Each structure stands twice: as structure tokens, then as C-alpha cells.
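Below is one structure, written out as C-alpha cells, with a few remarks after it.
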Amino acid sequence: MTRLEERMLAGEYGYAAQKAMEILVALGKIYGAERMIEIRSAQISGVSYSNLGEEGLEFLLKLAEDGCVRVPTTLNPCGMDLEEWREMGIPEDFAEKQLRVIEAYRRLGVEPTLTCTPYLAGNMPEFGDHVAWSESSAVIYINSVIGARTNREGGPSALAAAITGRTPLYGLHLDDARRPTIIVRAPSIGGELDASALGYHVGRILVGGVPLFTGLGAISRDQLKALGAGLASSGGIALFHVEGVTPEAQRYSREHVEDVIEVTENDLRNEIEMLGEEFDEPDLIFVGCPHASIEELTEIYLLLSGRSVSRRFWIFASRAVRAQAERIGLLAKLEELGVRVYCDTCPVVAPLKRLGFKNVLTNSMKAAYYLRNLHEVRVQLKPLRRLVEDAVR
Amino acid sequence: MKIVLEGRVIWKGHVEGEALTTRQPISFYGGVDPGTGKIIEKGHELEGVSISDKILVFPYGKGSTVGSYILLRLKKHGLAPRAIINQRCEPIIAVGAIIAEIPCVDLIDVSRISTGDIVRIHGSRVEVWRRIPGL
Chain A
2 MTRLEERMLA GEYGYAAQKA MEILVALGKI YGAERMIEIR SAQISGVSYS NLGEEGLEFL
62 LKLAEDGCVR VPTTLNPCGM DLEEWREMGI PEDFAEKQLR VIEAYRRLGV EPTLTCTPYL
122 AGNMPEFGDH VAWSESSAVI YINSVIGART NREGGPSALA AAITGRTPLY GLHLDDARRP
182 TIIVRAPSIG GELDASALGY HVGRILVGGV PLFTGLGAIS RDQLKALGAG LASSGGIALF
242 HVEGVTPEAQ RYSREHVEDV IEVTENDLRN EIEMLGEEFD EPDLIFVGCP HASIEELTEI
302 YLLLSGRSVS RRFWIFASRA VRAQAERIGL LAKLEELGVR VYCDTCPVVA PLKRLGFKNV
362 LTNSMKAAYY LRNLHEVRVQ LKPLRRLVED AVR
Chain B
354 MKIVLEGRVI WKGHVEGEAL TTRQPISFYG GVDPGTGKII EKGHELEGVS ISDKILVFPY
414 GKGSTVGSYI LLRLKKHGLA PRAIINQRCE PIIAVGAIIA EIPCVDLIDV SRISTGDIVR
474 IHGSRVEVWR RIPGL
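For the protein sequence lines, the chains are A and B, in the order given. For the first sequence, our numbering gives the first residue as 2, with consecutive numbering after it. For the second sequence, our numbering gives the first residue as 354, with consecutive numbering after it.
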């Protein structure tokens, strides 16, 4: 450890830095890290009051008394849109507690971006950067698509890294853990739902490891986002490569590849059918798990082609993307057609059952997985084109 | 009968208490009720049993990283285990023990400790007294 790190651990930089360093030293011990490495940014999960509880909030406030993050740090979504929570139907007591948590993070110097796609909202690491991120879909995106390096942190360990500006050097920070361990021959995919089903399917089969996809052909940034979110939610995967697309796909030899698996279009159909349910009348149609990009907002507008929606159609996006849409006039157009664009939250962390939704239609396997398990909501899965048709029907 | 085991300190402490042992991993998020201190995971061999004030002995943690905050909530409610002994500690338990300041030792052969044993922890040293029936 460096002198600075030792002094933090000894408490010379206050309670917060000491507590944070204790966490990092313990993690370093567990994983056999030789030293700490400085990080460029952090992304923190653990924003929902229902998970933190009063005690978690008190802990954050205590850290904020003498602690502050040392690197740019962004925050995962919370349980509501900070500006339009009343319109969303969020109860007053829930809102009050949620705002106290965000205030505590603000005092720690954390930027309340409240998005699971910080890389679309100004927190964009570069190739080779070491960072400490939590939020599984964001972790896998920057590891795989950007080539930055992070382990799959939890909320408290990412916060500890942010406060000290460092993280123990082990796991995905080192080349060894980034080599492909399995080759996946995949069919070409049509859209975000296919990409998310492919990720979900492969994640369910693999036990850890780093898949290298071949045969995918051209794949968009949004499809890579969906693919990663699927892999992370069913399999806890934190890194993948796509031949001819992602920056580290050619970097390593394939001597660590233990297996080759073949995925067919049929596998994807089955996966979608198994997770989704059938019903005729959705009471909420939504897009934006992970948070939608400006491209996805544009595509929805084009698919609507001037038709108004006849049921509740919500898009979830970061405030940065919403602002982009506003500047180019897209937001006003979508709102004219009855589409709502909410920020700071998503259906997985919002109190969906308290909002009274029972039948939800979406195009994300990750959302379906969590909504079914956490909120006991029925979920139907359709590709974006059909989802838009259902919305105007 | 006394056994002495040597492990690795995750959070240091000197405590003594009665062991509650399971061979199954524990998920604190969704698996332990922060309001009662009881294990609520369906089908867990300790389902319905309170972990409060026990020396809780289990192989390792599992589940969501939110579990760390559940340990903190248990501690603040006075419902936390007195100490934790793991075969191999992973980040959820380690971070939870550190923020809640619950003594925690790992790299211990947990099969050598049984429910009801009296366990004394001194840093990395774990002493186990087994009650011999009739004595």
C-alpha cells in the first residue's frame, strides 16, 4: 500500500475514507490483490430507500459528514422521476424518503444522474481505463463495448472506491480474466429483443466465464446494450466479446477457450416464450431497460408514424438523453402522440405494484426477469415494432 | 473438549457466544428478515430460525449485494449475529461485516463447528468448546 492509502486506513483522512479503505483492503485480501489501482470514475447502485432502509441512509449521511468522492461518480436510477413523480402516481411518503437518499449522495459529491446508462450521460470511460462500477448492465457494457476495466462492484464497494479514488487490482482489471473462455456461434439478430434473448439464453447456460460471439454480423450499440443486460441478469456475466465489433475481440489468443456452443433462432424464440406470458390487454407498455438511447427514441417516433398511442406508453431514459430529445424537438413530437418519457427511474426500481400495474408489455428480457421475480407482475415480451402496434391499436 | 482454529480476519473483534451452524450458503437480501433477524429463505435448513446474537457459521454468502445493507440494518436493530465465521467470505458478507462492525473471520473449516458449541473469537483465532453430554 502507498503512504496515502495507509494514512487513509489509519483514519488520518477521517471516518469515511477509513471505512472505505477498510472495505477495499478486505476485498483485496479476499481476491489476493497485490495492490490498489487508481480509478477514473465510479457508478453507484443502492439508491432505493426500500433496500437501504433508515439504517443504510444513516450510514450514507455519516460518510457524508467528512467524506467526499475523489473521482467523477454517477448514480443508478431511483424509485421515481424527480420532477414528475406526482404525475407517475408515486405516493408522497415514498417520494419523501427517496429524496433523502439522493440528498445524502449529493452531499458525498455524487452526481445524481440516476441512470443505468451513465455512458450515455457524460460518464464515459475510455479504452483501458480502470474504473469501479456497479449496476450489472453498465459494468458489462463498458467492459465489453468500450474496453474499460471494472469488476462487478456492489453499491458499497463502488462507493468505497469513489471515496478513496482506488480499487484493489484483481479480476477484470487484469488481462487474465478478460480472455474468452467460450465461443458462441450465434444467429444474426433482428433487434433489441433478440439481442436481449441471446444474452439471457447464453447467461443461463454459462457458469461465469467470458463468451466470444461469432456470426452476429452488424450489431448496433443499442443491441450490444441489450445483449449485455441479458447476459448480466441471467448469468452474472461481466464481459463479452463480439468478433469484428468489440475492441478486445482480437486481443487475446483463444487458448483458454474451453467450449464452443451453437445458438439457433429457435433457442431465442423459446427463451422469449418461457419468460414472457400471454395476455391481451397490457395496462403499461414500456421501453427503456436499460435506459433508452436517443436512437431508440427516434426509432419509436418513426414506427409511430404520426399515430397517437391509445394506452399508457412510457419510455425510460436518462435525463441527458431526454434533454437531447428536447433540443431536437423529438420530445415534443413524442408527447404530442401521447408517449411519456420518464427519467431518474425505471420499472424495476419503481414501486410498480403500488402504482397498480398488473400486465406489462416490454421488449427487455432483463425487465421481464426482475419484474416477475420482484414485483409479481405479468410480463409479455414483443419486439419494438409489434409493441408500438399494440400501443396504437 | 476444545478445538483451536486459525483463520483470516475480515473485521477484527473479541467475542464469545453460542454457534448457529449451517452447511448452506446464506442470502441476506431476501433471505433474512431485517425486522426480526430470522432466516426466511424458503427451504433453507435454518428457515424460521433467528440468527440474532449467535456466532453464525456458514460456508459463504450468496445473492444480491444489497445483502450488505441488510447486515447493517440487523445490527442497528440489535438483531445481528454476534460474529460471523465463513469457510470463504465473499464481498457481500465482507462489506456487510465491515459497515456493520460485526466481527468476521474466514478461511475456517466450518464443518468443525456445530450448533450449540461455545465459540470464542480473538482476531484470527477461533476457539471452539463442545459441550459433552453428561459432563
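In this text, a Cβ means the ideal position worked out from N, Cα and C, and glycines have one as well. The structure presented is a predicted model; accordingly, all values stated were derived computationally and were not measured.
Taking all protein chains in view, the Cβ of GLU272 of chain A is crowded by 16 or more other Cβ atoms within 10 Å, so the residue is classified as buried.
In the structure shown, PRO291 of chain A falls within a strand segment according to DSSP collapsed to helix, strand and coil. ALA139 of chain A sits close to THR118 of chain A, with the two beta carbons spaced by under 8 Å.
DSSP, reduced to helix, strand and coil, places GLN224 of chain A within a helical segment of the structure shown. Straight through space, the alpha carbons of ILE206 of chain A and LEU304 of chain A are spaced by roughly 34 Å. The beta-carbon of VAL419 of chain B is placed less than 8 Å from the nearest beta-carbon of chain A. Segment contact: the segment 153 to 164 of chain A against the segment 356 to 373 of chain A, fewer than three CB-CB distances shorter than 8 Å; contact not assigned. Chain order gives the chain A residues near TYR422 of chain B as GLY47, ASN52, LEU53, GLY54, GLU56, GLY57, PHE60, GLY156 and PRO157, where near means a beta carbon separation below 9 Å. Taking 8 Å as the cut-off, the beta carbon of ILE474 of chain B is found closer than this to the beta carbon of HIS367 of chain B. Cβ atoms of VAL211 of chain A and LEU240 of chain A come within 8 Å of each other, at about 5 Å. The beta carbon of ILE183 of chain A sits no closer than 8 Å to any beta carbon of chain B. Remark: C-beta atoms of HIS242 of chain A and PRO181 of chain A approach each other more closely than 8 Å. Between ILE356 of chain B and ARG465 of chain B, the gap from beta carbon to beta carbon is short of 8 Å. With respect to chain B, the C-beta atom of LEU170 of chain A has no partner C-beta closer than 8 Å. The contact set of LEU425 of chain B on chain A, defined by CB atoms closer than 7 Å, consists of GLU56, GLY57 and PHE60 in chain order.
At least one CB atom of chain B sits nearer than 8 Å to the CB of LEU28 of chain A.
The DSSP-derived three-state label of MET37 of chain A is strand. As a beta-bridge residue in DSSP terms, GLY414 of chain B pairs with B:ILE379. According to DSSP, residue pairing for LYS355 of chain B in a beta bridge involves B:TRP482. With contacts defined by Cβ atoms closer than 8 Å, GLU300 of chain A and LEU228 of chain A do not form a contacting pair. Contact with chain A is absent for ILE404 of chain B, since none of that chain's Cβ atoms lies less than 8 Å from the residue's Cβ. Taking a beta-carbon distance threshold of 8 Å, LYS20 of chain A counts as an interface residue toward chain B. In the three-state DSSP reduction, ILE474 of chain B falls in the strand class (E or B). In this chain, the beta strand (DSSP E) harbouring TYR343 of chain A covers 341 to 343.
By the Cβ-count criterion, GLY33 of chain A is exposed, with fewer than 16 other Cβ atoms from all chains shown falling within 10 Å of its own Cβ.
A Cβ-Cβ distance of about 7 Å is found for the pair ALA436 of chain B and GLY370 of chain B, placing them in contact under the 8 Å criterion. For PHE317 of chain A and ARG101 of chain A, the gap between their C-alpha atoms comes out near 22 Å. Residue pairing of THR265 of chain A in beta bridges, as defined by DSSP: absent, with no partner found.
Residue contact with chain B for ILE143 of chain A: absent (no Cβ-Cβ distance below 8 Å to any residue of chain B). For LYS383 of chain A, the three-state secondary structure derived from DSSP is coil. With a 10 Å radius around the Cβ and a threshold of 16 neighbouring Cβ atoms, SER311 of chain A comes out exposed. Residues of chain A whose Cβ lies closer than 9 Å to the Cβ of PRO412 of chain B do not exist; the shortest such Cβ separation is about 14 Å.
Excluding the 5 residues flanking it on each side, ASP284 of chain A has same chain C-beta neighbours closer than 7 Å at ARG313, PHE358, LYS359 and ASN360, in chain order. GLY57 of chain A sits buried, since 16 or more C-beta atoms from the chains shown fall within 10 Å of its C-beta. Rounded to the nearest angstrom, the gap between the Cα atoms of MET89 of chain A and GLY80 of chain A is 11 Å. The Cβ-Cβ distance between ALA17 of chain A and ALA162 of chain A does not fall below 8 Å.
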